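The sequence shown: position 28 = 160 (this note's numbering), numbered continuously.
Just so it is clear, CB atoms sit at the ideal spot from N, CA and C, and this is done for glycine as well.
The model shown is predicted, which means the values in this text are computed figures rather than measured ones.
Presented below is the structure to which this report refers.
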Amino acid sequence: DVTRPESVEAAVGFAQDTFGALHLAVNNAGISGPSAPTGAYDIDAYQRVVRTNLDGVFYSLRYELPALEAAGGGAIV
C-alpha cells in the first residue's frame with residue numbers, strides 16, 4: 133500500500149533482505165478517480181488519488197534512494 137510509508141519501507145526492506153540489495157525500482161502505482169467536473173469532484177476521491185499518485189511516489193523515493201545509495205547505485209523508473 134503505497135499510501136502508507138511503513139508499507140513502502142517494509143517493501144524496500146523485503147527487497148533488500150531477499151535480493152541482497154536494491155538496484156532498480158519502478159514507481160508505477162497509480163489510480164484514476166471518478167470522471168467529474170472539478171466543482172462536483174468528490175473531495176475524498178481526490179484525496180485518495182493524491183495519496184496514491186503523489187504521496188506514494190514520494191514515500192517510494194524516500195525509502196528507495198538510501199537503499200540504492202547503499203547498493204552503490206541503481207535506477208528508478
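For residue i, collect the residues of the same chain with a Cβ closer than 7 Å to its Cβ; drop the 5 residues on either side in sequence, then sort them by chain order.
{"i": "glycine 162", "result": "Thr184 and Asn185"}
{"i": "glycine 188", "result": "Val134, Thr135 and Ala161"}
According to DSSP, is residue i part of a helix, a strand, or is it coil?
{"i": "leucine 156", "result": "strand"}
{"i": "alanine 207", "result": "strand"}
{"i": "glycine 145", "result": "helix"}
{"i": "arginine 136", "result": "coil"}
{"i": "alanine 199", "result": "helix"}
{"i": "isoleucine 163", "result": "coil"}
{"i": "tyrosine 173", "result": "coil"}
Assuming residue i and residue j make a contact with CB atoms under 8 Å, what is their CB distance in whole Å?
{"i": "valine 144", "j": "alanine 199", "result": "5 Å"}
{"i": "proline 166", "j": "alanine 177", "result": "5 Å"}
Would you mind stating whether residue i and residue j have Cβ atoms separated by less than 8 Å?
{"i": "valine 209", "j": "valine 158", "result": "yes"}
{"i": "leucine 156", "j": "glutamine 148", "result": "no"}
{"i": "tyrosine 173", "j": "proline 137", "result": "no"}
Looking only at its own chain, which residues have a Cβ that is under 6 Å from the Cβ of residue i, when we skip the five neighbours before and after it?
{"i": "tyrosine 195", "result": "Val140, Glu141 and Val144"}
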